[in-house]
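Colleague: Let me begin by handing over the structure; questions about it come next.
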Amino acid sequence: MSTNDQSAAATAEERIVRITVNGTAMSGIAEPRLLLHDFLRHELELTGTHAGCEHGVCGACTIRLNGEVVRSCIMFAVQADGASIETVEGMANNGVLHPIQVAFQEEHGLQCGFCTPGMLMATQTLLEENPDPSEDEIREYLSGNICRCTGYVGIVASVKSAAKKLSVIQSNANGKA
Amino acid sequence: MKPAAFKYVRAATVPEAASLLAEYGDEAKVLAGGQSLIPMMSMRLARPEVLVDIARIPGLNEIEANGVLTIGATTTQSAVIRSDVVSAFAPIIGVALGHVGHVGNRSRGTFGGTVAHADPASEMPAVLLALDAEIIATGPSGQRTIAVEDFFVTTFETALADDEVLTSIRLLAPTGNACWSFNEVARRHGDYALVGVAATAELDGAGKVTKARIALSGVSDTPVRVKEAEESLIGKTLSDGAKVAGEIVSSSIDPPGDFHATKQYRIEVAGAIVTRALNEMADQKGTR
C-alpha cells in the first residue's frame with residue numbers, strides 16, 4: 009500500500025483482512041477505505057482483476073464473492089473479511105484454459121482484453137444459473153460489463169460456444185457416472 | 003484508493019448501530035451494500051467520517067410473510083428477486099428490482115438501501131409508493147413506523163432521523179382482485195430510467211376500478227403519485243381509462259430536463275408509459 013498519499017496517513021484504523029481466494033486462505037492489511045480490487049491487486053498481488061472506471065460502471069473488476077457476481081471496485085476490503093472470493097486467476101487449471109476462456113479465444117470475445125477478466129467471471133456465473141441462455145439473456149446479464157473493442161457480437165458468440173462446451177463436458181461426465 | 007479516509011465500525015446489533023449513529027450524528031453514514039454510497043465516496047461527492055456497517059447484523063436480512071410481508075433492510079436485491087415469498091405476495095417488486103443496476107450491483111445492493119438512499123430516479127421508492135408500504139425505522143428510543151407517503155422528503159433525503167436505521171419494509175396483504183404493472187424507459191438496461199411508473203389497482207366483480215395508485219420515478223425530487231389520474235380511473239375498466247389517465251399524468255407533472263432527456267420528452271414518455279402500464283394491468287390480475 010502506498011504510504012506517500014498525504015491524506016492517507018496510515019492510522020490505527022488499519023486491520024487485517026482474511027479472505028479465501030480461489031480456494032487458498034490469504035490475508036493482508038487494509039485501512040477501511042481500501043477498495044477490494046486494490047486489496048486484491050496491490051496487497052495480494054493478484055493483478056488479473058482489472059481496475060477500470062473504479063466507480064461501479066464498467067465491470068472490469070468483476071469477481072465472484074461467495075458465488076455471486078460482485079464489482080470489487082465498489083466494495084471495501086474490510087467488508088469482504090471472511091468471504092470466499094474467486095478471481096480470473098482461478099479459472100485455468102495447471103496452465104490449461106477453462107472452456108469459457110477457450111470459447112472467448114476461439115470466438116473473438118476479446119481484442120485488447122481489458123474487460124475480459126470481468127466478462128469471464130460474469131459468464132461463469134450466468135452459465136451456472138442458466139446453462140443455455142438466449143442472446144437476450146446473455147446481453148442483459150452482461151449489460152454491466154462494458155467492452156470498447158468487440159461490439160459484443162464476439163462476446164455473445166463466445167458465451168454461446170462456452171455453454172455448448174460446458175454442456176458436452178457435463179453430459180460426458182454424466183455418461184461416465 | 004479513492005475515497006477519503008474514514009473510521010469503520012461494524013455494528014453487531016441494531017441498537018448498537020443506532021447508538022453509534024447517535025454518537026457521531028451527521029458525520030456518520032450507514033453502510034449496507036454500498037452500491038450508491040461507495041461510488042459517491044470515490045468521486046468525493048460524499049465524505050463521511052464514520053461508516054456504520056449494518057450488513058452483518060443477524061436477522062436483518064430476513065423475508066417473512068405472515069399476513070403482512072416484511073422484508074429486512076439488508077436483504078440483498080438479488081435475494082429479494084429470488085424469493086418465492088415476495089413474488090407470490092407482490093410480484094411487482096421482483097420485476098422492478100430487475101431494473102436496478104446490473105447483476106453485479108444487485109448481489110451486494112440491499113432492499114433497504116435502495117429505499118433509504120431516496121434517489122428520485124430509482125425504481126423502489128415509486129414501487130413502494132404504489133404499494134402503500136410502511137417503512138420501519140429503529141432509533142435509540144425504539145422502533146417506529148413511517149407511512150411511505152411521509153418517507154421521501156427530497157433528493158437523497160428521507161424522514162429518517164440521523165440516529166435511525168431503516169430496519170425493514172412492510173406491505174399489507176394484497177386484496178383478492180388486484181393488479182399491477184411496472185414500466186420504465188431508460189437509455190440502456192440498468193441505467194437510471196428517464197421516467198418510470200409503478201401502478202396498482204383493485205377491481206370490482208365487473209372489472210371496474212375501485213382503487214388505483216399511480217407512482218412515477220424520475221419526474222420530481224421524490225417519487226410522486228398522480229392522484230387526479232388515479233381518480234379518473236374509478237368506476238371504469240382499466241382499458242377504458244388508460245388513455246385519459248396518461249393524458250392527465252402528462253398535463254400534471256413538472257419533470258426536470260437534463261443532458262439525457264428534455265422536460266417535454268419526459269412529460270410525453272410519462273403519459274405514454276402510464277397508458278401502457280394500465281393497459282398491461284388487465285393481464286396481470288389476481289395479485290399485485
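The listed protein sequences correspond, in order, to chains X and D. The numbering used here puts the last residue of the first sequence at 185; the count rises by one with no breaks. The numbering used here puts the last residue of the second sequence at 290; the count rises by one with no breaks. No residue lacks a Cβ here, since even glycine has one placed at the ideal position from N, Cα and C.
Using 8 Å as the limit for Cβ to Cβ distance, is threonine 70 of chain X near chain D?
Modeller: Here residue 70 of chain X refers to the residue found at position 62 when the first sequence is read from its first residue. Output row for threonine 70 of chain X: interface = yes.
Colleague: To the nearest angstrom, report how far apart glycine 259 of chain D and valine 221 of chain D are at their CA atoms.
Modeller: Here residue 259 of chain D refers to the residue found at position 257 when the second sequence is read from its first residue. Here residue 221 of chain D refers to the residue found at position 219 when the second sequence is read from its first residue. Roughly 9 Å separates the two Cα atoms.
Colleague: By Cβ distance, which residues of its chain are closer than 7 Å to threonine 156 of chain D, with the 5 residues on each side in sequence left out?
Modeller: Along the second sequence, read from residue 1 onward, the residue named residue 156 of chain D stands at position 154. Excluding sequence neighbours, threonine 156 of chain D sits near Asp223, Thr224.
Colleague: Which runs of the beta strand (DSSP E) at least 3 residues long sit entirely within the stretch 107-158 of chain D? Give them in chain order.
Modeller: 136-141, 144-149, 154-156
Colleague: Tell me which residue opens and which closes the alpha helix (DSSP H) that isoleucine 146 of chain X is part of.
Modeller: Reading the first sequence from its first residue, position 138 is the one you call residue 146 of chain X. That run of the alpha helix (DSSP H) goes 143-149.
Colleague: If you follow the alpha helix (DSSP H) that isoleucine 27 of chain X is part of, which residue opens it and which one closes it?
Modeller: As a position in the first sequence, residue 27 of chain X is number 19, starting the count at 1. Isoleucine 27 of chain X -> not in any alpha helix (DSSP H); beta strand (DSSP E) instead, spanning 23-29.
Colleague: Going along the chain, which residues of its own chain have a beta-carbon closer than 8 Å to the beta-carbon of asparagine 30 of chain X, five neighbours each way excluded?
Modeller: Numbered from 1 along the first sequence, position 22 holds the residue referred to as residue 30 of chain X. Cβ within range, chain order: Ile93, Glu94, Thr95, Glu97, Gly98.
Colleague: Anyone know if the C-beta pair for valine 70 of chain D and leucine 168 of chain D falls short of 8 Å?
Modeller: Taking the first residue of the second sequence as 1, we reach residue 70 of chain D at position 68. Taking the first residue of the second sequence as 1, we reach residue 168 of chain D at position 166. No.
Colleague: How should glutamine 14 of chain X be labelled, buried or exposed, when 16 other C-beta atoms within 10 angstroms of its C-beta is the threshold for buried?
Modeller: For the purposes of this step, residue 14 of chain X is taken as the residue at position 6 of the first sequence. Reliability fails at glutamine 14 of chain X, whose pLDDT of 40 lies under 50, so the model's placement of it is uncertain and the value that follows must be treated cautiously. Label assigned to glutamine 14 of chain X: exposed.
Colleague: Give every residue of the same chain whose Cβ lies closer than 7 Å to the Cβ of arginine 5 of chain X, excluding the five residues on either side of it in the sequence, and list them in chain order.
Modeller: Because chain X in this structure spans residues 9 to 185, residue 5 of chain X falls outside the shown range and cannot be described.
Colleague: What is the C-beta distance between threonine 202 of chain D and glycine 248 of chain D, in whole angstroms, given that I count them as a contact (C-beta under 8 Å)?
Modeller: In the second sequence, the residue the question calls residue 202 of chain D occupies position 200. In the second sequence, the residue the question calls residue 248 of chain D occupies position 246. Actually they are not in contact, since the Cβ atoms of threonine 202 of chain D and glycine 248 of chain D sit about 16 Å apart, beyond 8 Å.
Colleague: Helix or strand or just coil, what does DSSP make of alanine 16 of chain X?
Modeller: Counted from its first residue, the first sequence places residue 16 of chain X at position 8. The pLDDT assigned to alanine 16 of chain X is 43, lower than 50, so where the model puts this residue is not dependable; a value taken from the coordinates is nonetheless given after this. In the structure shown, alanine 16 of chain X sits in a helix (DSSP, three-state: H, G or I).
Colleague: May I ask you to check if the CB of glutamate 151 of chain D is nearer than 7 Å to at least one heavy atom of the ligand GTP?
Modeller: Although the ligand GTP was asked about, the structure shown includes no ligands whatsoever.
Colleague: Provide the residue span of the beta strand (DSSP E) that contains leucine 218 of chain D, from first to last.
Modeller: In the second sequence, residue 218 of chain D corresponds to position 216, counting from 1. Unbroken beta strand (DSSP E) run through leucine 218 of chain D: 211-219.
Colleague: Exposed or buried, what is glycine 103 of chain X when buried is set at 16 or more other beta-carbons lying within 10 Å of its beta-carbon?
Modeller: Counted from its first residue, the first sequence places residue 103 of chain X at position 95. Under this definition glycine 103 of chain X is an exposed residue.
Colleague: Quick check: the Cα distance between aspartate 121 of chain D and alanine 20 of chain X, rounded to an integer number of angstroms?
Modeller: For the purposes of this step, residue 121 of chain D is identified with residue 119 of the second sequence, where counting begins at 1. For the purposes of this step, residue 20 of chain X is identified with residue 12 of the first sequence, where counting begins at 1. If I take the Cα positions, the gap works out to 34 Å.
Colleague: Return helix, strand or coil for phenylalanine 122 of chain X, following the three-state DSSP convention.
Modeller: Your numbering for residue 122 of chain X matches position 114 in the first sequence. Here phenylalanine 122 of chain X sits in coil by DSSP.
Colleague: Just confirm the distance between the C-beta atoms of glycine 90 of chain X and asparagine 107 of chain D, as a whole number of angstroms; I'd bet it's less than 8 Å.
Modeller: Locating residue 90 of chain X in the first sequence gives position 82, where the first residue counts as 1. Locating residue 107 of chain D in the second sequence gives position 105, where the first residue counts as 1. Going by Cβ atoms, the distance from glycine 90 of chain X to asparagine 107 of chain D rounds to 22 Å, so no, they are not a contact pair.
Colleague: Whole-angstrom Cβ separation of isoleucine 171 of chain D and alanine 149 of chain D, contact assumed at under 8 Å?
Modeller: Counting from one through the second sequence, the residue named residue 171 of chain D turns up at place 169. Counting from one through the second sequence, the residue named residue 149 of chain D turns up at place 147. Not a contact, Cβ separation roughly 12 Å.
Colleague: Using the beta-carbon of each residue, which ones in chain D are nearer than 9 Å to arginine 26 of chain X?
Modeller: Counting from one through the first sequence, the residue named residue 26 of chain X turns up at place 18. None at all; the shortest Cβ gap to chain D is about 14 Å.
Colleague: By Cβ distance, which residues of its chain are closer than 6 Å to alanine 214 of chain D, with the 5 residues on each side in sequence left out?
Modeller: Against the second sequence, residue 214 of chain D aligns to sequence position 212. Once the five neighbours on either side are set aside, the close Cβ partners of alanine 214 of chain D are Ala203, Glu232, Leu235.
Colleague: Could you run through the stretch 260-274 of chain D and flag, in chain order, every residue whose CB is less than 7 Å away from some CB of chain X?
Modeller: none
Colleague: Starting from serine 109 of chain D, find everything on chain X with Cβ-Cβ shorter than 8 Å and list it in chain order.
Modeller: Taking the first residue of the second sequence as position 1, residue 109 of chain D is located at position 107. Under the 8 Å cutoff, chain X gives Leu73, Glu76, Val77, Val78.
Colleague: Relative to the alpha-carbon of histidine 191 of chain D, which residue among D/Phe184, D/His101, D/Glu64 has its alpha-carbon at the smallest distance?
Modeller: For this step, residue 191 of chain D is matched to residue 189 along the second sequence. The shortest C-alpha separation from histidine 191 of chain D is found at D/His101.
Colleague: Would you give the residue range spanned by the alpha helix (DSSP H) that tyrosine 26 of chain D belongs to?
Modeller: Reading the second sequence from its first residue, position 24 is the one you call residue 26 of chain D. DSSP places tyrosine 26 of chain D inside the alpha helix (DSSP H), whose first and last residues are 16-26.
Colleague: Look up leucine 62 of chain D in the DSSP assignment and say whether it is helix, strand or coil.
Modeller: The residue labelled residue 62 of chain D in the question sits at position 60 within the second sequence. Reduced to three states, the DSSP call for leucine 62 of chain D is coil.
Colleague: So for alanine 272 of chain D, helix, strand or coil by DSSP?
Modeller: Taking the first residue of the second sequence as 1, we reach residue 272 of chain D at position 270. In the structure shown, alanine 272 of chain D sits in a helix (DSSP, three-state: H, G or I).
Colleague: Is DSSP giving glycine 207 of chain D helix, strand or coil here?
Modeller: Locating residue 207 of chain D in the second sequence gives position 205, counting from the first residue. Note: glycine 207 of chain D maps to coil in three-state DSSP.
Colleague: Would the stretch 33-50 of chain X and the stretch 102-120 of chain X be scored as touching if the rule is three or more Cβ pairs under 8 Å?
Modeller: no
Colleague: Using a beta-carbon distance cut-off of less than 8 Å, what residues from the stretch 90-106 of chain X approach chain D?
Modeller: none
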